[in-house]
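In this note's numbering, the protein residues as written are 6 to 386. Ideal Cβ placement from N, Cα and C applies to all residues, glycine included.
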Amino acid sequence: MTGKHKIIHGQVFQKEGSFAPGTVFFCNGRIVSEENYYAAVGEESVTDAAGGYVIPGLTDIHFHGCMGSDCCDGTQEAFRTIAEYELGQGVTSITPATMTMPEETLSEICSAAKDFSCPNGADFCGLYMEGPFISAAKKGAQNGAYIHPADSGMLKRLQDISGGSIRTVVVAPETEGAMEFIRQNSGSVNISLAHTTADYETSKEAFSLGASQLTHMYNAMPPFSHRAPGPIGAAADQDNCMVELICDGIHIHPAVVRATFKLFGDGKIILISDSMRAAGMEDGTYDLGGQSVTVKGNLAVLEDGTIAGSVTNLMDCLRTAVKDMGIPLASAVKCAACNPVKAIGLWDSYGSLEPGKYANIVILKEDLAMQQVFHRGTPVL
6 MTGKHKIIHG QVFQKEGSFA PGTVFFCNGR IVSEENYYAA VGEESVTDAA
56 GGYVIPGLTD IHFHGCMGSD CCDGTQEAFR TIAEYELGQG VTSITPATMT
106 MPEETLSEIC SAAKDFSCPN GADFCGLYME GPFISAAKKG AQNGAYIHPA
156 DSGMLKRLQD ISGGSIRTVV VAPETEGAME FIRQNSGSVN ISLAHTTADY
206 ETSKEAFSLG ASQLTHMYNA MPPFSHRAPG PIGAAADQDN CMVELICDGI
256 HIHPAVVRAT FKLFGDGKII LISDSMRAAG MEDGTYDLGG QSVTVKGNLA
306 VLEDGTIAGS VTNLMDCLRT AVKDMGIPLA SAVKCAACNP VKAIGLWDSY
356 GSLEPGKYAN IVILKEDLAM QQVFHRGTPV L
């Protein structure tokens, strides 16, 4: 977008997790200081956000698909459909997730991801590799036929094919070779514990070796109990560990969501959607990782009744967290915009409304309906 633009009269999100009256200035696709804005040459345009909230665009680091397309389709066409839908929902940057699939299929996905971009969609920031390095006992909606021991060689092959696009890799730390895998790779990718039977001590060791995240916490892992705190208790004891929550109203009870915010604080929680290809679509039967999923309303299940991801986009998860679960809006925004990009190492360019970052901005009305989305300074709605 040429020229310069400012958003006035809104409650502006502050990076530490609060709102304050203010003005957001941007030009040439980046947020700028007031001084640099008025020093810039170009025609000025103004958006009035009176009565509303100005927030950074959200980042969904863990979801599988939407609008009939899935990351595992392994095509740029599928990525394009996903990116365009997400941007329209105020999710301005994404790292779609693979499933537990054969290396050949994962290679095709990685090949499609290499150098992919979509000017009319959310910024494609890489891939989230959910499987195949998981536990069969906690596979959830993953296909057990393709589970594989943690393999640094496989990761390197896939990373080379993807052009370095893989941002996050899921590992069950109790499985064969997992600890050595974490030690070898935690410096180059974000490692998240998931689909695991690990106890507290095993999880603690994994975190000490460099794992720094829990995938869709509470789901596909041992529960947090008073004598066996498991991976959840281990994550709570780690200052540098973030945990993912699916706040779609299906995966986690509102009381547990509120308790999690009290235990972890809004600096350690990442809101994700974990949505599948049925998001944005009608009820029916869909595919997820080669398995049949039945969708009715907000619930998606395998034939055996196992919950199979969500059908709710991240912005709607944020609204559910605020309106139905009692999470303060500022905390929910912090967990859906700031924390995700910190986890994948992109804080320099995304996640807040500071000068120098991309002008990926959402204006929400007082009732949290969307007024406007800006993608790199260009209005979308």
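Under the three-state DSSP convention, the category residue i falls into
i	result
F30	strand
T97	strand
A284	coil
T52	strand
H78	According to the sequence displayed, residue 78 carries Asp and not His. Looking at D78 - three-state DSSP - the assignment turns out to be helix.
D128	strand
L358	coil
Y43	helix
R162	helix
A102	strand
K237	Note that residue 237 is Ile in the sequence shown here, rather than Lys. Note: I237 maps to helix in three-state DSSP.
T64	strand
Q377	strand
S157	helix
Test item: CB-CB of residue i and residue j under 8 Å
i	j	result
S278	F68	yes
A342	I66	no
G126	V378	no
E89	C123	yes
M375	L358	no
A241	L276	no
R188	L160	no
T100	G131	yes
E181	P154	yes
F30	E39	yes
P228	G238	no
A117	G79	yes
L207	E179	Leu is not the amino acid found at residue 207; the sequence shown has Thr there. In contact: T207 and E179 (Cβ atoms closer than 8 Å).
Y363	G34	yes
K301	D288	yes
Close-in-space but distant-in-sequence residues of the same chain around residue i (CB under 7 Å, 5 per side omitted)
i	result
G254	N303, T325, D329
H380	L92, T97, N365
G149	A141
Residues bridged to residue i (per DSSP)
i	result
R85	Paired residues: none, contrary to the question.
G70	D75
F24	F18
S297	D292
Y363	R35
Own chain, CB closer than 8 Å to residue i, minus 5 neighbours either side, in chain order
i	result
A199	E135, I139, V175, V176, A177, L219, T220, H221, A225, M226
A305	M281, A283, Y291, L293, V298, T299, I312, A313, G314, S315, V316
F266	I274, I332, S336
Same chain only: Cβ atoms within 6 Å of residue i, ignoring 5 sequence neighbours per side
i	result
G56	E371
G8	G47, E48
W346	Reading off the sequence shown, one finds Val at residue 346, where the question assumed Trp. Answer for V346: T64, W352, Y355, G356, listed in chain order.
T173	Y133, N195, S197
D128	S98
I60	F18, V338, V367
C115	L163, I166, S167
K119	S167, G168
A54	I12, H14, G15, I368
P107	Y151
D360	The displayed chain sequence assigns Pro, not Asp, to residue 360. Correct list, in chain order: I36, V37, S38.
C32	K9, A45
S23	A335
* Asked: Is it true that the region 69–88 meets the region 360–378, where meeting means three or more beta-carbon pairs spaced less than 8 Å apart?
  -> no
* Contact between the region 151–171 and the region 183–195: three or more CB pairs below 8 Å? -> yes
* **Inter-stretch contact (C-beta, 8 Å, three-pair minimum) for the region 242–260 and the region 31–47** => no
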